[in-house]
Amino acid sequence: LSFSLFLSFSLSLSAADGLNCYTCSVGILGRCFFSSSQTCTGNNTSCFTATAAFNLSGAMNFYTSGCTLPTSCNSSSGSVLGVGYTVTQSCCTTNLCNGASSIQLPITAAIGAALLATTWSFM
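Convert by adding 1 to the 1-based position in the sequence shown; the result is the number in the working numbering.
Take a look at the structure:
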């Protein structure tokens with residue numbers, strides 16, 4: 002009896018802890034520059050990885066990841082300054098399921114790469 006109470010209590014604690022997801026603030030060329038993990042809160046019960054692809058020859062793709070609503074797990078398209086783009090967001094629902102490659106760069110190199118990618122996408 003005491004074991005079953007302990008097991009029930011342990012399972013309820015782990016369910017209350019929330020889903021853990023990898024986060025990526027800035028990612029280009031298939032790599033994340035600043036990655037960490039976070040515990041999802043509220044209705045954000047899915048981990049996601051998203052790719053934004055611009056409809057320009059030679060344009061770089063941008064990547065991001067984190068926690069999201071399950072209803073946000075799809076693809077969308079639109080345009081910014083007359084340039085078309087497609088955002089593909091894939092989701093999963095187990096701890097740290099949205100893992101991505103990560104590299105460590107000096108902060109100046111990461112900022113330079115992000116600025117270059119942003120400038121390139123608007124050309």
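Backbone N, C-alpha and C define an ideal beta-carbon position, used for all residues, glycine too.
Since the model is a prediction, treat every value here as computed from it, not as a measurement.
| Check | Outcome |
| --- | --- |
| Is it right to say L30 is buried, meaning 16 or more other beta carbons lie within 10 angstroms of its own, or is it exposed? | exposed |
| For T40, which residues of its own chain have a beta-carbon under 6 Å away from its beta-carbon, when the five flanking residues on both sides are left out? | G19, N21 |
| Do you know how far the Cα of S38 is from the Cα of L97? | 8 Å |
| Would you report the Cα separation of C78 and G85, rounded to the nearest angstrom? | The sequence given here has Ser at residue 78, not Cys. In a straight line, the C-alpha of S78 is about 7 Å away from that of G85. |
| Relative to the C-alpha of C33, which candidate in G43, C74, G67 has its C-alpha closest? | G67 |
| Compute the beta-carbon to beta-carbon distance between T65 and C92, rounded to the nearest angstrom, for a pair I have assumed lies under 8 Å. | About 13 Å; that fails the 8 Å criterion. |
| Residues bridged to A51 by DSSP? | T65, Q90 |
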